[in-house]
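Protein sequence lines, in the order shown, are assigned to chains E and X. Residue numbers for the first sequence follow the numbering used here, so the first one is 256 and each next one is one higher. Residue numbers for the second sequence follow the numbering used here, so the first one is 256 and each next one is one higher. Below is one structure, written out as structure tokens; comments come after it.
There are 2 protein chains.
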Amino acid sequence: MAEDTRRRLIDGAIDTVRRNGIAGTSARTVAAAAGVNQALVFYHFGSVADLLNEACRVSTAEDVDRYRERFAAVTSLRELLALGRELHADQRERGNVTLLAQMLAGAQGDERLASATSEAIKLWVREIESVLRRVVAGSPIEPVVDVSGLASAVSAAFVGMELFEAVDPAGSSAALDALDRLGILLEVADDLGPVASTALRRRIRSATRE
Amino acid sequence: MAEDTRRRLIDGAIDTVRRNGIAGTSARTVAAAAGVNQALVFYHFGSVADLLNEACRVSTAEDVDRYRERFAAVTSLRELLALGRELHADQRERGNVTLLAQMLAGAQGDERLASATSEAIKLWVREIESVLRRVVAGSPIEPVVDVSGLASAVSAAFVGMELFEAVDPAGSSAALDALDRLGILLEVADDLGPVASTALRRRIRSATRE
DNA sequence: GTCTATAGTAGGATAGAC
DNA sequence: GTCTATCCTACTATAGAC
């Protein structure tokens with residue numbers, strides 16, 4: 256069936272990029288992973304770049320959907336960190352972030368990959384952004400948080416960490432531990448009593464003006 | 256001269272990876288960038304992977320050296336953030352972090368690239384780690400900072416951000432702005448008077464035990 | 001040490017049989 | 001829609017002239 260073959264090729268592409276990296280991905284390696292003929296890449300998608308773009312779109316949409324409810328359930332920054340950690344562990348299996356990292360790397364040298372990659376990443380950023388906005392609202396640290404920029408920073412950090420994972424797993428997990436630990440600060444800021452909280456707000460206001 | 260040719264090839268490799276990405280880097284493209292014959296890649300380095308490893312070593316050692324004094328001059332977390340921003344701007348010209356990002360991406364599919372890449376990244380991590388350790392010492396937030404893990408996290412974030420830059424420059428600079436703004440928090444924590452500072456320490460201690 | 005030439009392989013893409 | 005066969009290009013790597 257045609258729809259089935261398309262799907263096999265998309266899954267084969269995701270698999271191949273994860274295992275071989277963008278530099279080791281070709282119509283032939285993808286087709287082999289998919290268990291179909293190499294010519295079908297061009298019949299169904301026109302070019303390898305177009306197949307990769309499609310794989311990137313599909314895989315990301317699925318992964319973001321998969322996490323939507325859990326993102327929605329987050330009510331504190333600490334919980335968001337915990338979810339991030341879970342997501343990182345999950346990604347070892349699913350590998351969408353690794354795919355995006357490889358697509359980003361590939362986009363550096365091939366503009367045909369750039370726009371689909373950027374769109375896919377925006378799906379993640381938007382999701383993170385909406386959680387951040389909700390969770391940070393009312394917190395004393397709200398005025399120092401630029402939600403939209405921070406969402407980009409978090410996404411970038413995730414991408415970097417996923418790349419590290421292959422080369423230095425220990426460093427990568429130490430990094431997550433460190434962020435977790437640092438998250439205690441956010442919790443402390445959120446749990447201050449009303450007096451201390453007002454004092455913190457005042458300090459932040461004056462520091463912001465400096 | 257042989258030494259000169261080696262150097263041209265290394266520079267050509269750095270240049271090619273930055274411009275074409277790891278997937279678009281070959282003995283031919285590198286040699287063209289270096290203005291020398293393609294066969295010299297193999298004469299001098301044995302293989303393309305070996306040339307890339309060497310380029311990665313050399314470029315990183317030079318860049319880390321270049322920043323050593325400035326890292327040493329940093330005395331606060333806020334200053335470190337500012338230096339990070341300067342470094343990011345600098346990297347648009349020099350591109351060592353982009354090179355490392357591409358090497359990381361390549362290492363995912365070719366173990367021959369992994370160890371040199373991991374070594375190069377450790378040069379950066381070590382440098383960041385020693386600054387962090389110095390700067391955080393005595394601060395009330397010291398107990399929640401895992402210096403070594405945080406240094407890895409910062410490096411990973413940098414790598415991710417450098418990859419974003421090519422695909423979404425606006426998002427990348429918004430990310431840095433956001434971190435900068437968040438840095439105000441660190442400044443506030445560091446500038447507390449002795450009473451508030453002791454209170455913060457106590458809060459952190461109890462939160463750490465939870 | 002650097003070049004030309006070339007062997008051998010892998011990849012992108014298409015034509016045409018089924 | 002899928003396959004085989006094939007063209008052409010680009011790549012890694014080596015041999016050998018200079």
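In this text, a Cβ means the ideal position worked out from N, Cα and C, and glycines have one as well. Small disclaimer: the values here were computed from a predicted structure and weren't measured.
| Query | Result |
| --- | --- |
| Any C-beta of chain E under 8 Å from that of N308 of chain X | no |
| Residue closest to R436 of chain E, alpha-carbon to alpha-carbon, out of X:V402, X:A268, X:A289, X:F326 | X:V402 |
| Beta-carbon spacing of G350 of chain X, A360 of chain E below 8 Å | no |
| Beta-carbon spacing of A362 of chain X, V422 of chain E below 8 Å | yes |
| Closest Cα partner of V400 of chain X within the set E:G438, E:A412, E:N292, E:S370 | E:G438 |
| Chain E within 8 Å of T260 of chain X, Cβ atoms only | no |
| Interface residues of chain E facing E234 of chain X [CB-CB closer than 8 Å] | Residue 234 of chain X falls outside the range modelled here, since chain X spans only 256 to 465, and no answer is possible. |
| Chain-ordered chain E contacts of A286 of chain X [CB-CB under 8 Å] | Ordered by position in chain E, no residue passes the 8 Å Cβ test against A286 of chain X, which lies about 17 Å from the chain. |
| Under 8 Å between C-beta atoms of A433 of chain X and M416 of chain X | no |
| Nearest-angstrom Cα separation, counted from N308 of chain X out to M256 of chain X | 22 Å |
| Assumed close pair A344 of chain E, S394 of chain E - CB separation to whole angstroms, cut-off 8 Å | Their Cβ separation, rounded to whole angstroms, is 27 Å, which puts A344 of chain E and S394 of chain E out of contact at 8 Å. |
| Contact with chain X by R367 of chain E, beta-carbon distance below 8 Å | no |
| For G426 of chain X, the first and last residue of its enclosing alpha helix (DSSP H) | 424-445 |
| Minimum Cβ-Cβ distance from V450 of chain E to chain X less than 8 Å | no |
| Proximity of L342 of chain E and V329 of chain E at Cβ, strictly below 8 Å | no |
| Integer-rounded CB distance, given that R367 of chain X should sit under 8 Å from A304 of chain X | 4 Å |
| L354 of chain E versus A406 of chain E - alpha carbon distance | 19 Å |
| Proximity of A310 of chain E and V296 of chain E at Cβ, strictly below 8 Å | no |
| Helix, strand or coil at S302 of chain E according to DSSP, with G and I counted as helix | coil |
| Nearest-angstrom Cα separation, counted from A451 of chain E out to T453 of chain X | 13 Å |
| Reference H299 of chain E; option with closest CA among E:E382, E:L387, E:E258 | E:E258 |
| Rounded straight-line distance, which links the Cα of G267 of chain E to that of D365 of chain E | 21 Å |
| Cβ-based burial, R263 of chain E [other Cβ within 10 Å; buried from 16] | buried |
| W269 of chain X, enclosing alpha helix (DSSP H) - first and last residue | In the sequence under discussion, the amino acid at residue 269 of chain X is Ile, which differs from the Trp named in the question. First-last of the alpha helix (DSSP H) with I269 of chain X: 257-275. |
| Per-residue contacts from L378 of chain E into chain X (C-beta, under 8 Å) | Near L378 of chain E there are no residues of chain X at all, since even the closest Cβ is about 13 Å away, more than 8 Å. |
| As assigned by DSSP and simplified to three states, the class of S331 of chain X | coil |
| Below-8 Å beta-carbon distance, G350 of chain X vs any chain E residue | no |
| Chain E contact for F300 of chain X (CB, 8 Å cutoff) | no |
| Beta-carbon proximity of A387 of chain X to V319 of chain X, cut-off 8 Å | It should be noted that the sequence gives Leu, not Ala, for residue 387 of chain X. Against a cut-off of 8 Å, the Cβ pair of V319 of chain X and L387 of chain X comes out as no contact. |
| When E:E334, E:S370, E:S410 are compared against R389 of chain E, the one with the closest alpha-carbon | E:E334 |
| Reference S373 of chain X; option with closest CA among E:D446, E:L306, E:S385, E:G426 | E:G426 |
| Residue nearest to V352 of chain E in terms of C-alpha spacing, selected from E:F419, E:G404, E:A278, E:S385 | E:F419 |
| Interface residues of the region 436-463 of chain X facing chain E [CB-CB below 8 Å] | R436, L437, I439, L440, E442, V443, A444, D446, L447, A451, A454, L455, R458, I459, A462, T463 |
| Backbone CA spacing between A287 of chain X and A294 of chain X [nearest angstrom] | 11 Å |
| Buried/exposed call for T463 of chain E, threshold 16 Cβ in 10 Å | exposed |
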